[in-house]
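Numbering (the working numbering), first residue to last: 118 to 407.
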């Protein structure tokens with residue numbers, strides 16, 4: 118569910134990335150934890166393990182359809198929040214669309230919500246988490262899915278992070294099935310989601326059968342970055358499609374922004390394996406960040 122359509126050309130300003138991000142208003146994040154229940158629904162919310170902490174924390178960022186639309190709810194994001202808490206992490210689920218009156222960015226930018234704005238959302242969420250005594254301020258990571266994954270990869274760039282972060286950046290990032298194709302604005306210069314100056318530990322998880330955000334478009338950019346010393350690693354699941362963790366979108370078909378006919382296939386085994394890979398990676402990265 119990635120939006121590969123172009124963001125507006127970055128304005129010619131002292132900080133063009135920040136100027137682009139400010140085309141949409143900042144988010145207001147939750148100021149206290151919520152509790153899971155049988156009736157929980159996906160929304161912007163903060164969850165924590167039992168006890169005083171301090172705990173490592175994880176910002177969770179949705180696909181291009183947001184957390185809900187019409188009769189659909191993004192149950193995968195709520196499940197990832199439950200999973201994070203079960204692993205001993207504080208989980209902050211953020212919503213870049215709903216509070217701004219945007220239903221989707223799957224076919225392109227809406228309401229000023231594009232990759233610079235999404236990256237600033239993640240970075241501001243990280244800074245928000247540092248306000249809580251139950252959060253270990255040095256062990257905060259982000260995990261993005263499709264559009265949110267593209268934002269996480271983009272924000273892992275040293276230059277983008279320096280331009281958009283309101284404070285210290287995240288300790289690590291995990292990107293599930295991101296798109297890495299060059300973004301081509303209708304005016305201005307093309308730019309890259311996966312930049313060569315990645316300086317945050319980054320894990321990218323992809324599927325070989327994903328024709329919405331093809332894995333090779335990322336691998337071809339990550340390989341030279343890694344060769345140059347970037348702290349990036351990746352795994353490509355053979356025969357796996359886009360949105361493999363999206364149980365309530367199993368067999369969903371659509372035409373994507375590039376005109377491809379895509380179908381999502383939920384894969385429980387791959388979802389479980391990607392959970393294992395994510396938290397093993399985060400535990401390693403967080404140990405260094407202490």
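Note that the Cβ used here is the ideal one computed from N, Cα and C, for glycine as well.
Query, Result
"Status (buried if at least 16 other CB within 10 Å, exposed otherwise) for residue 114", "The first residue shown for the chain is 118 and the last is 407, placing residue 114 beyond what the model contains."
"6 Å Cβ shell around residue 364 - same chain, five flanking residues per side excluded", "383"
"Neighbourhood of residue 217 by C-beta distance below 7 Å, restricted to the same chain and skipping five residues each side", "141, 142, 228, 230"
"Proximity below 8 Å, CB of residue 281 to CB of residue 247", "no"
"Residues near residue 257 in its chain [Cβ-Cβ closer than 8 Å; skip 5 each side]", "173, 174, 175, 176, 243, 246, 247, 287, 288"
"For residue 253, the first and last residue of its enclosing beta strand (DSSP E)", "252-262"
"Chain-order list of residues whose beta-carbon lies under 8 Å from that of residue 146 (same chain, five-residue window excluded)", "161, 163, 209, 211, 241, 242, 245"
"Proximity to residue 136 [Cα-Cα], best of 220, 195, 235", "235"
"Range of the contiguous beta strand (DSSP E) that encloses residue 211", "207-211"
"Residue(s) in a DSSP beta bridge with residue 310", "For residue 310, which the question treats as bridged, DSSP gives no partner whatsoever."
"For residue 263 and residue 317, believed in contact at Cβ under 8 Å, the rounded distance", "Contact flag wrong, Cβ pair sits at about 19 Å."
"Beta-carbon gap between residue 324 and residue 311 smaller than 8 Å", "no"
"One or two residues paired with residue 371 in a DSSP bridge", "379"
"Segment limits, alpha helix (DSSP H) that includes residue 282", "Note, residue 282: premise wrong, no alpha helix (DSSP H); not H, not E."
"When 320, 329, 355 are compared against residue 340, the one with the closest alpha-carbon", "320"
"The alpha helix (DSSP H) enclosing residue 396, as first and last residue numbers", "385-406"
"Contact check, residue 239 vs residue 266, beta carbons under 8 Å", "no"
"3 or more residues per run - each beta strand (DSSP E) lying fully within the region 215-255", "none"
"Where residue 385 falls, given that 16 or more other Cβ within 10 Å makes a residue buried", "exposed"
"CA-to-CA distance, residue 187 to residue 409, given in whole angstroms", "Past the boundaries of the shown model lies residue 409; the chain is included only from 118 to 407, so the question cannot be answered."
"Contact set for residue 352: own chain, Cβ-Cβ below 7 Å, skip 5 residues either direction", "322, 394"
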